[in-house]
Amino acid sequence: MGSSSAAEPGKASVLVASNRGPVSFAVAQNGELTAKRGGGGLVSGLSSVTAQDSFEQVWVCAALSGGDRTAARRAPGGRLDRIGLIDSSLPVRMLDIEPETLHRAYNAVANSTLWFTHHMLYATPVSPAFGGRFRQEWESYVEYNAAFAEALAEEAAPQARVLVQDYHLALVPKLLRDLRPDLRIGHFSHTPWAPPDYFGILPDEMARGVLEGMLGADRLGFLTERWALAFMDCCARQLGMPVDRERMTVGGADGKAPTRIGVHSLGVDSEFIVERASRPDVDAKLAALRESIGDRQVIVRVDRTELSKNIVRGLEAYADLLRRYPQWRGQVVHIAFAYPSRHDLEEYREYTAAVLRTAKEIRDEFGTSDWEPLILHVEDDFARSLAAYRLADVAVVNPIRDGMNLVAKEIPLVAAATGGACGLVLSREAGAYAELAEDALVVNPYDITGTADALHAALSMDRAERRRRCERLAAAGAALPPQRWFADQLDALG
-13 MGSSSAAEPG KASVLVASNR GPVSFAVAQN GELTAKRGGG GLVSGLSSVT AQDSFEQVWV
47 CAALSGGDRT AARRAPGGRL DRIGLIDSSL PVRMLDIEPE TLHRAYNAVA NSTLWFTHHM
107 LYATPVSPAF GGRFRQEWES YVEYNAAFAE ALAEEAAPQA RVLVQDYHLA LVPKLLRDLR
167 PDLRIGHFSH TPWAPPDYFG ILPDEMARGV LEGMLGADRL GFLTERWALA FMDCCARQLG
227 MPVDRERMTV GGADGKAPTR IGVHSLGVDS EFIVERASRP DVDAKLAALR ESIGDRQVIV
287 RVDRTELSKN IVRGLEAYAD LLRRYPQWRG QVVHIAFAYP SRHDLEEYRE YTAAVLRTAK
347 EIRDEFGTSD WEPLILHVED DFARSLAAYR LADVAVVNPI RDGMNLVAKE IPLVAAATGG
407 ACGLVLSREA GAYAELAEDA LVVNPYDITG TADALHAALS MDRAERRRRC ERLAAAGAAL
467 PPQRWFADQL DALG
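So this is what it looks like as structure tokens:
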């Protein structure tokens, strides 16, 4: 990728905006701040690109905790890198948004409304119900997005490229375009996109606001063609805008340049995850798991307890496997990691309780003195998850709906790299289905009996065939690493 032109002194030519930033802070009793570097595709992607290129960059994010807010207030203009709070090689501007505004924007609108809509999770006879309180929450969402747009406008050099991330910041492209029409703006959606009939659940003014906000970008990115086409269909239905499905554009009939639509699948940083899975702490976790499992086959799932991950039906499918295929009793162990997520929302607390209740029922029905059919962990432990990846004979990834689901790519990749042979039971509603379907056993996530049959087929598969499939799944999962995903989007902006 060629270098961009030099930025104005103190201004950035490449900017990233996301709700959660690449660093978080805690305050010690003596008032000292300690920083923790984040992981994930954005951090590694931005770091790798800037290592190859010579341009100024900055990451704009929100202060999400008390420690974050303390750090943002101590730094001039929220620029953490300018007072030595973080490594200056990855400049960060952290926004100290009023906590109640952040809560309403993040929990009430982004996570309880937009996320539920795109994952099609509402129990529509009773929810949602958009009244006066929701209109106030929406105003906070607008205010939150405006804070990001203003910060980006201040930090950006002329003609800078800006990559805005996800549904939290759907309004930023248009707001930023109004402030800085010279900028080249991209927005990327990490979730699915709801089809028009379901997207129409949103109040009309909100639905239009989200679509028009995103269309302020020069280019919009999605994880799969399915989600991209759903967005285009919503623009046609809600806004009456012309869409070109061949050229992948929206708008342009009024003489303005159309918004371009791109598809950028996200893969695994294979070099990192394979190396990490070989460290001593993972070896120790692996030994402990082996001791409790013996020489039995192992079914593995690793999820956060998000409603979309479909953990309860997955556990019920395992129980159905043991009832209808009793030859597997005593011969297989299901390792399920269900790490708590968003417990500030009641629905998530209730769902975690349902997972625990279902797990207990399985143990009570099938457990014996010398066989524990299910090992469930709810404490987040990355090393233990990687150890389970190495053990997996079968991975089950059965979300109701998922933008991509990197676990579906990670488990076969680690298994193949460490000499394993892992079959994949995969929901057709995961974004990863578009790339992995040929070598996975594909299931309808609502079909418990069908999922149990797929688990039986995976456990019964000839090991040589399972290994061939695992190696192809691993190659597909590593084909589009975060670094390339990020660089391709930058290149596409000009």
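Counting along the sequence shown from 1, when you hit position 81 you're at 67 in my numbering, and nothing is skipped either side. Don't be surprised by glycine CBs; every beta carbon is placed ideally from N, CA and C.
Query, Result
"Does the stretch 207 to 220 come close enough to the stretch 242 to 257 that 3 or more CB-CB pairs lie under 8 Å?", "yes"
"Which one or two residues does DSSP pair with Leu441 in a beta bridge?", "Bridge partners of Leu441: none, in fact."
"Jot down the residue ranges of each uninterrupted alpha helix (DSSP H) in the stretch 380 to 426, minimum 4 residues, whole runs only, in chain order.", "393 to 403, 419 to 422"
"Tell me which same chain residues have a C-beta within less than 7 Å of the C-beta of Asn391, skipping the five on either side of it?", "Val383, Pro385, Ala416, Gly417, Ala418"
"According to DSSP, simplified to helix, strand and coil, what is Gly(-12)?", "For Gly(-12), the predicted model reports a pLDDT of 39, less than 50, meaning its position is unreliable; a value from the coordinates is still stated below. Note: Gly(-12) maps to coil in three-state DSSP."
"Take every Cβ of the stretch 107 to 121, pair it with every Cβ of the stretch 180 to 195, and state whether three or more of those distances are shorter than 8 Å.", "yes"
"Along the chain, which unbroken stretches of the alpha helix (DSSP H) at least 4 residues long are found entirely within the stretch 331 to 383?", "332 to 352, 368 to 377"
"So is Glu332 buried or exposed if we call it buried at 16+ other beta carbons inside 10 Å?", "exposed"
"Residues bridged to Asp289 by DSSP?", "Ala324"
"Among the residues of its own chain, which have a CB less than 6 Å from the CB of Glu277, if the five just before and after it don't count?", "none"
"Quick one: what's Asp230 bridged to in DSSP?", "Thr235"
"Under DSSP, the beta strand (DSSP E) around His89 begins and ends at which residues?", "Unbroken run through His89 is the alpha helix (DSSP H), 85 to 89; no beta strand (DSSP E)."
"Out of Thr291, Asp379, Phe134, state which residue places its alpha-carbon closest to the alpha-carbon of Ile279.", "Asp379"
"With distances taken between CB atoms, is the gap from Gly389 to Pro181 smaller than 8 Å?", "no"
"What do you reckon, are the CB atoms on Ala61 and Leu71 nearer than 8 Å?", "yes"
"Which parts of the stretch 187 to 270 are runs of the beta strand (DSSP E), unbroken and 3 residues or longer, counting only runs that do not cross its ends?", "205 to 208, 245 to 249"
"Residues in the same chain with beta-carbon distance under 8 Å from Glu560, minus the five sequence neighbours each way, listed in chain order, please.", "Any answer about residue 560 is impossible in this case: the structure gives the chain only from -13 up to 480."
"Check whether the Cβ atoms of Leu459 and Pro398 lie closer than 8 Å to each other.", "yes"
"Can you list, in chain order, the residues of its chain with a C-beta nearer than 8 Å to that of Ser371? Leave out the 5 residues immediately preceding and following it.", "Val288, Phe323"
"State the Cα-Cα distance for the pair Ala109 and Ala374, rounded to the nearest angstrom.", "34 Å"
"How close, in whole Å, do the beta carbons of Ile83 and Tyr130 come, if the pair is a contact with beta carbons under 8 Å?", "6 Å"
"In the DSSP assignment, find the beta strand (DSSP E) that holds Trp45 and state where it starts and stops.", "43 to 48"
"Is the CB-CB distance between Leu479 and Arg163 below 8 Å?", "no"
"Within a Cβ cutoff of 8 Å, which residues of the same chain sit near Asp267, ignoring the five residues on either side of it in sequence?", "Ala369"
"For a test of the three-state rule: what should DSSP assign to Gln151, helix, strand or coil?", "strand"
"What would DSSP say about Gly52, mapped onto helix, strand or coil?", "helix"
"Quick one, are the C-beta atoms of Gln313 and Arg282 less than 8 Å apart?", "no"
"In terms of residue numbering, what span does the alpha helix (DSSP H) encompassing Lys160 cover?", "158 to 165"
"Within the same chain, show all residues whose beta-carbon is closer than 6 Å to that of Ala483, passing over the 5 residues directly before and after it, in chain order.", "In this structure the chain extends from -13 to 480, so residue 483 is not present and cannot be described."
"Do you know offhand how far Arg343's Cα is from Tyr337's?", "10 Å"
"Closer than 8 Å, CB to CB, is Ala243 near chain C or not?", "Among the chains of the structure shown, chain C does not appear; only one protein chain is present."
"Given a cut-off of 8 Å on the beta-carbon distance, is the pair Ala305 and Ile348 in contact?", "yes"
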